[in-house]
Amino acid sequence: MYNGKTVGVVVTAYDEEAFVGRVIETVPEFVDRIYAVDDASPDGSWEVIQRVASRINETVEPERAITDGGDGRRVVPIRHEENRGYGAAVKTGYEHAADDGMDVVAVMNGDGQMDPDILDRIIDPIATGEADYAKGNRLLSPEDREGMSTFRFVGNAMLTGLSKFASGYWTIGDPQNGYTAISRETIDRLDLEAITDQYGFLNHILTHLNLHGCRVADVSMSAVYGDEESSIKYVPFVRYVSLLLLSSFLGRLKRRYVLEGFHPSVVFYGAGASGMAGGALGLLEALRRSVRGSDGFTGALVAFVALLLGFVSLGIAISMDAEESEPLEVTYYEYTDDGVGEGSPTDRAIQSNEWTD
Numbered sequence: 001m002y003n004g005k006t007v008g009v010v011v012t013a014y015d016e017e018a019f020v021g022r023v024i025e026t027v028p029e030f031v032d033r034i035y036a037v038d039d040a041s042p043d044g045s046w047e048v049i050q051r052v053a054s055r056i057n058e059t060v061e062p063e064r065a066i067t068d069g070g071d072g073r074r075v076v077p078i079r080h081e082e083n084r085g086y087g088a089a090v091k092t093g094y095e096h097a098a099d100d101g102m103d104v105v106a107v108m109n110g111d112g113q114m115d116p117d118i119l120d121r122i123i124d125p126i127a128t129g130e131a132d133y134a135k136g137n138r139l140l141s142p143e144d145r146e147g148m149s150t151f152r153f154v155g156n157a158m159l160t161g162l163s164k165f166a167s168g169y170w171t172i173g174d175p176q177n178g179y180t181a182i183s184r185e186t187i188d189r190l191d192l193e194a195i196t197d198q199y200g201f202l203n204h205i206l207t208h209l210n211l212h213g214c215r216v217a218d219v220s221m222s223a224v225y226g227d228e229e230s231s232i233k234y235v236p237f238v239r240y241v242s243l244l245l246l247s248s249f250l251g252r253l254k255r256r257y258v259l260e261g262f263h264p265s266v267v268f269y270g271a272g273a274s275g276m277a278g279g280a281l282g283l284l285e286a287l288r289r290s291v292r293g294s295d296g297f298t299g300a301l302v303a304f305v306a307l308l309l310g311f312v313s314l315g316i317a318i319s320m321d322a323e324e325s326e327p328l329e330v331t332y333y334e335y336t337d338d339g340v341g342e343g344s345p346t347d348r349a350i351q352s353n354e355w356t357d
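Under the UniProt record's numbering, think of the first position of the sequence shown as 1, with each following residue one higher.
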């Protein structure tokens, strides 16, 4: 237990034979139950999970058995009969943990990239009741980004920007960070079936959290990469996630700012998109006319004004949107020898909590 709350950890695995066993073995002692979910890996991941689970469960002390419906095992091996995707693996773990009555449920991928020594920092916002969902963020400081390549950083920054539009959490970054924690109450509130089963799960769940008015915390952490190889095919991934984020953005605006009550930001978003699109097309047409020797100055001027008004409208829309979600955003900072980084009025520093067995 941690801060009086039962804690479950979902360990997801797909082709992680070389790493998943170590991940399970290094989960901190304050964790009550580990849900190791193998997403039909073709390698030996499932065998490793079963072997490690059997060894750990044999050493579990009787007093550690969960009394609220669980069977006393510390490690619960779960295997999908067919490959269903990263999001499906996380959701399977969520469902089992919620059924077992875990108060806080964290996710640690089976690739060994998530430092178990900072798990307490990830779950702290949930255990203290300050957030409904918490996630790591490797972009909060230059020191945290040191282990991240330029390629990863640029890609992450682009996805961060797109995810801000889609989710409405304008101060939350590093959306692809899978080191997360969620409360059981939030799991029960969400419609998990409506969230994608694929790698876009981490981006998609943020939109659903916003739609349910959930508080989200960003927790400062360092980027760590080992010898694991990603199974993501980047071109299909980028295409899929881009379309997912676009549909999430439009769906969020429709539900929050139209169906649940009109909000002027939706008008400014529409005006911004129209102005920018019309202005860009107008400038292209003016350029085409100039190349052909025609007078394109007037058209270019009108297009430029439309483009400028589009940018202004978009800025107003973003400002309104961000103001709506500000109460739902919390940024956590880690204590360091040099003190605590400054943040917004809702920020607080990570404080150590005692955990109990």
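For each residue, glycine too, the CB sits at the ideal point set by N, CA and C. Bear in mind that the values here come from a model prediction, so they are computed numbers and not experimental data.
The criterion of a C-beta distance shorter than 8 Å is not satisfied by residue 332 and residue 174.
DSSP places residue 278 in the uninterrupted alpha helix (DSSP H) bounded by 265-291.
197 is the residue among 279, 197, 119, 212 whose C-alpha sits nearest the C-alpha of residue 240.
Shown here, residue 218 sits in a strand according to DSSP, grouped into three states.
DSSP, read as helix, strand or coil, puts residue 148 in coil.
Rounded to whole angstroms, residue 320 and residue 265 show a C-alpha spacing of 6 Å. Take residue 204, set aside five residues on each side of it, and the residues of its chain with a beta-carbon closer than 7 Å to its own are 195, 196, 244, 248, in chain order. In the structure shown, residue 188 adopts helical secondary structure according to DSSP, grouped into three states. Look at residue 194 here: in three-state DSSP terms it is helix.
The alpha-carbon separation between residue 29 and residue 95 amounts to approximately 22 Å.
Residue environment analysis places residue 292 among the exposed positions, since fewer than 16 neighbouring C-beta atoms fall within 10 angstroms of its C-beta. When C-beta atoms of the region 301-320 are compared with those of the region 266-275, three or more pairs fall below 8 Å, so the two segments count as touching. Of the residues assessed, residue 19 falls on the buried side of the cut-off, its CB having 16 or more other CB atoms within 10 angstroms. Per the C-alpha coordinates, the member of 191, 330, 215, 242 positioned closest to residue 88 is 191. Assignment of beta-bridge partners to residue 43 by DSSP yields no partner.
Sequence-distant partners of residue 309 (beyond 5 residues in either direction) whose C-beta falls short of 6 Å from its own C-beta, in its chain, are 275. Here the region 153-164 does not lie against the region 45-53, with fewer than 3 beta-carbon pairs under 8 Å apart. In the DSSP annotation of this structure, residue 203 is not part of any beta strand (DSSP E); the continuous alpha helix (DSSP H) holding it starts and ends at 201-211.
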